[in-house]
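Each remark here refers to the structure printed beneath this line.
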Amino acid sequence: MSRSWWGRFCLLLFFVVLSVVYVYPTIANLDLEKTKFPFKQKINLGLDLQGGLYLVLGVDFNKVYHDVAERQSNHLLERLKEKGYSATNSKIQTEGLPADDPLILFDFDPSKREDLYQLLKKEFINLRLAGEHAGHFELGLSHDFRTEVRERTVNQSIEVIRNRIDEFGVSEPSISSQGTDRIVVELPGVGEIDRAKSLIGQTAKLEFKIVDDKSTATLKLANLISDIEKKNNLTYKDGQKFSEYVRKLNELAKGQIPAGDEIAFERNKVAGTETELGRVPFLLFSKAEITGEDLQDAMVQFDQENHRPTVGFSLSPRGALAFERVTSEHIGHRLAIVLDNIVHSAPVIQSKIGGGKGVISLGRGDADAMMKEAKDLAIVLRAGALPAQLDFLEQRVVGPSLGQDSIHKGALASLIGSIVVFIFVAIYYQVSGLIAVFSLVLNVLFVLACLVGLEATLTLPGIAGIALTVGIAVDSNVVIYERIREELRHGKRPGVAVDAGFQKAFRTILDANVTNAMAAFVLLTFGTGPIKGFAVTLMIGIVTTLLTAVFVCRLVFDLYLNYLDNRNAKTISI
Amino acid sequence: MLELIRPGIKIDFVGKRNVLMGISLFAVIATFVLLFTKGLNYGIDFTGGAEVQVRVPTSWDIGRIREELNQGGIHGLKVQQIGIPSASQFLIKEQGDEKSLNLVSKHVSDILGKSLKPSEFEIQRVDVVGPAAGSSLRTSGFMSMFFALVCILLYVWLRFDSRFAPGAVLALFHDTVLTLGVLILTQKQFDLQILAALLALIGYSNNDTIIVYDRVRETIHQHPELPMEQAVNRAINETLGRTILTSLCTFITVAALWLFGGKVIEDFAFTLMVGIVVGTYSSIFIASSFVIIMSQYLDHKEKRSKTHGSAKRRRVVMIRPEPKAN
Chain A
25 MSRSWWGRFC LLLFFVVLSV VYVYPTIANL DLEKTKFPFK QKINLGLDLQ
75 GGLYLVLGVD FNKVYHDVAE RQSNHLLERL KEKGYSATNS KIQTEGLPAD
125 DPLILFDFDP SKREDLYQLL KKEFINLRLA GEHAGHFELG LSHDFRTEVR
175 ERTVNQSIEV IRNRIDEFGV SEPSISSQGT DRIVVELPGV GEIDRAKSLI
225 GQTAKLEFKI VDDKSTATLK LANLISDIEK KNNLTYKDGQ KFSEYVRKLN
275 ELAKGQIPAG DEIAFERNKV AGTETELGRV PFLLFSKAEI TGEDLQDAMV
325 QFDQENHRPT VGFSLSPRGA LAFERVTSEH IGHRLAIVLD NIVHSAPVIQ
375 SKIGGGKGVI SLGRGDADAM MKEAKDLAIV LRAGALPAQL DFLEQRVVGP
425 SLGQDSIHKG ALASLIGSIV VFIFVAIYYQ VSGLIAVFSL VLNVLFVLAC
475 LVGLEATLTL PGIAGIALTV GIAVDSNVVI YERIREELRH GKRPGVAVDA
525 GFQKAFRTIL DANVTNAMAA FVLLTFGTGP IKGFAVTLMI GIVTTLLTAV
575 FVCRLVFDLY LNYLDNRNAK TISI
Chain B
171 MLELIRPGIK IDFVGKRNVL MGISLFAVIA TFVLLFTKGL NYGIDFTGGA
221 EVQVRVPTSW DIGRIREELN QGGIHGLKVQ QIGIPSASQF LIKEQGDEKS
271 LNLVSKHVSD ILGKSLKPSE FEIQRVDVVG PAAGSSLRTS GFMSMFFALV
321 CILLYVWLRF DSRFAPGAVL ALFHDTVLTL GVLILTQKQF DLQILAALLA
371 LIGYSNNDTI IVYDRVRETI HQHPELPMEQ AVNRAINETL GRTILTSLCT
421 FITVAALWLF GGKVIEDFAF TLMVGIVVGT YSSIFIASSF VIIMSQYLDH
471 KEKRSKTHGS AKRRRVVMIR PEPKAN
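Structure below.
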């Protein structure tokens, strides 16, 4: 064989070996935790195959925008009052307006309008003037601000949901935003739709609790916890319910920690995932000093001196009083910010804070990390202060048995279909048919390997997509073979006919697959869940089909032609 | 050499084009009539609603389930048996407002839990789609179908010229509409999966057409003296073996899915099967016939503009050489 053939052969061999390594853990159904096999990854199964819960939540912005406008309006009126102006008849109008664009209406002395404009320009960049006539002013939220509110509302809702996912003991949950106002929650293995809904549907619970620093030090909290864990054989593993673990731990610790105290944890997770890096225990006074109801808003700010990001928050009048009392009593102590029973931060109280406005400065670190931390903390605070209403738009649950059943049936059907096609092709094209079967088998192998490599999700329609790929891939082989047959009929020698067949067929094959790819692409952008899985396998299938039909098939044909040449054969089995 | 279609075959497809196009036109019109009279049987994905699939002991029949649900205080639910009777699987459906939909799965499991032990029944699947989500899914679904059609139209237009493109697009339209027609006639539930199958068909059914077209062009190149009808007919005959073979192979795999793939994917596979058959028919009979019609029309127009002595010739992208004086 020529050197170029060996080169191509080695390339193919490399990809085949790689693909086998990728696919083996899935096919052999290895236990990834125990196996010694070096490659530890399996095909992701969609919820329709492994069973689980799929929820699409719509964020209801109506109340959110109304509240935001009201807060801006209160602030503005306050500032005007401080400056000695009076604005009257103020109200928020939402009726007959888009949900995200409420108006702030008030009456104001028109001769002072320049002063008002100055104030707006300087201090209220989030507001825009929407209209004014005869002393009647209309202000709206600026476009950028509305976008910001929308984004942060979605983010805080995601954060709240993420916080609660532990309740389900799910090892690989996925929570993501879809479009601008939807959140998709996927919980593999969860079947209790009603419990899931009631947990996610609850509003977030934010509490400020004082850290019992004194007892923490005398008790050696970390040691205490590991002692309790050891004695009672209590451990927390990924995939279990965290709240359950904390509840048990507190029960067992009773008597060993001061009455009126509780243990809570801060959980450090890898950004954007549920993988836990570590957790920090806290001993807190159980009494919540301030709750989310008392908190009005929170946002990232910048320290005027060192320009570091900080988190500013404002409290309701009632909250302000409580906060002033707490901060004066506990100077030097830490105040834990607890969202849904998880500690998110525990800043030290530096001084008595009155007036209902506080600033949390962050630890040291590089600017990016601090910015991220500030954003996360602001999200947590706002999640308690401004809980957005979530609507359940779609809820889908597939039980594990139905999922298993689908895998078996889908795989069986694809196998039967493929084998019938293989037999048919082998009989029809004989030796060349076997070459086609070989390339089809490799095609399926490559599709599966790509699914593993791209960490794509295999769904039931996805399995159908693989079967369909086999059907469509045969098309390419048939186009090539029919061409070769024609060339042979015109009296060409096998080698020449094969060359011409591959050459002339290529453009046709490419053309036919381009339209397929277009439809698959549209499907990919439109579809969610199972449908997306179908689009993904179709797309991958198209690419691997092009490669195997042109590259693999040609390679084996060259081998076959070489064999024929050596025997001086004048015919080719096709 | 095993041959399904003998190489020298000469079937006069083109000669029968008027009859077949008439039939197709009738079928398309009939589908539209059906669409507006009988209508698609939209599933809950598009209408909003709730479906709960349960497995109960084999001793329970459909009447028993209805009775239990009625006694449990929920009325007006549609119950239907699915799969083989021995599997005793039932589908409980509800159409209603968002609030009642939200409670269906809880009610059903509560009621069944009263009379049965947890091991005796299983909630196998729950699908709840709010009415608003349903209508937005429907809109985005049909938009994406439209979008796919436009993309492919653009591609075919770029790839071929004005003699070919209209035929390919019409064939595509024809395939989609007729497949929808069969779905209406069989009253299969039209849901997201079926829509996905239709989208895949929009991509796939053009395959055959493009291959026939490629051959028509090649034939015209090699034999410029042939009249268009004969060139097209020859191309169809030459590619007939291939067209039937490939459609057959795809059909086999999809039919296997239909037969053995289980209830969840049955209708999806059925839609693909129908689409493959219709698509093969249209690329042999409809798409190619339209090439003849278009080129006759364009030739006619060209001739007329010549005899009228217009200096500016219309720019028609020609693959076909100038017809010899005849």
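In order, the protein sequences belong to chains A and B.
Take 25 as the starting number for the first sequence in our numbering and just add one per residue.
Take 171 as the starting number for the second sequence in our numbering and just add one per residue.
We put the beta carbon where it would ideally sit given N, CA and C, even for glycine.
Quick one: is residue i near chain A, going by C-beta distance under 7 Å?
i        : result
Ser305/B : no
Ala318/B : yes
Leu420/B : Residue identity check: residue 420/B is Thr in the sequence provided, not Leu. Output row for Thr420/B: interface = yes.
Ile322/B : yes
Phe430/B : yes
Leu369/B : yes
Glu292/B : yes
Pro177/B : yes
Val412/B : Reading off the sequence shown, one finds Arg at residue 412/B, where the question assumed Val. Answer yes: the Cβ-Cβ gap between Arg412/B and chain A drops below 7 Å somewhere.
Ser480/B : Because the pLDDT of Ser480/B is 47, which lies under 50, any placement of that residue in the model is unreliable, and the question is left without a value.
Report the rounded CA-to-CA distance for residue i versus residue j, giving the unit in angstroms.
i        : j        : result
Asp379/A : Phe337/A : It should be noted that the sequence gives Gly, not Asp, for residue 379/A. If you take the alpha carbons of Gly379/A and Phe337/A, they lie about 11 Å apart.
Gly343/A : Leu484/A : 53 Å
Arg387/B : Gly337/B : 14 Å
Leu307/B : Phe216/B : 6 Å
Ser229/B : Ala573/A : 54 Å
Val41/A  : Ile199/A : 35 Å
His357/A : Asp236/A : 8 Å
Ile175/B : Val580/A : 27 Å
Ile199/B : Leu353/B : 15 Å
Phe438/B : Asp582/A : 40 Å
Lys433/B : Gly253/B : 7 Å
Taking only three categories from DSSP, how would you classify residue i?
i        : result
Pro122/A : coil
Ile366/A : strand
Asn272/B : helix
Lys396/A : helix
Phe330/B : coil
Lys263/B : strand
Tyr46/A  : helix
Lys248/B : strand
Glu237/B : helix
Glu231/A : strand
Gln357/B : coil
Identify the residues that DSSP records as bridge partners of residue i: which are they?
i        : result
Ser201/A : Ile207/A
Pro305/A : Phe289/A
Tyr78/A  : Glu210/A, Arg420/A
Leu223/A : None; Leu223/A has no bridge partner.
Gly155/A : Glu162/A
Pro288/B : In DSSP, Pro288/B forms no bridge with anything.
Met323/A : Gly336/A
Arg295/B : Val422/A, Gln223/B
Ala473/A : For Ala473/A, which the question treats as bridged, DSSP gives no partner whatsoever.
Val83/A  : Leu414/A
Phe130/A : Phe161/A
Is the beta carbon of residue i less than 7 Å from the beta carbon of residue j?
i        : j        : result
Ile456/B : His277/B : no
Thr423/B : Gly495/A : yes
Ala322/A : Arg406/A : yes
Ser275/B : Ile384/A : no
Gly486/A : Ile504/A : no
Ile314/A : Phe416/A : no
Ala544/A : Leu562/A : yes
Lys272/A : Asp364/A : no
Phe360/B : Asn188/B : no
Check the Cβ-Cβ distances between residue i and every residue of chain B, and say whether any is below 7 Å.
i        : result
Thr568/A : no
Asp124/A : no
Lys433/A : yes
Asn540/A : yes
Asp205/A : no
Ala480/A : no
How would you list, in chain order, the residues of chain C whose beta-carbon sits under 8 Å from the beta-carbon of residue i?
i        : result
Asp384/B : Among the protein chains of the structure shown, namely A and B, there is no chain C.
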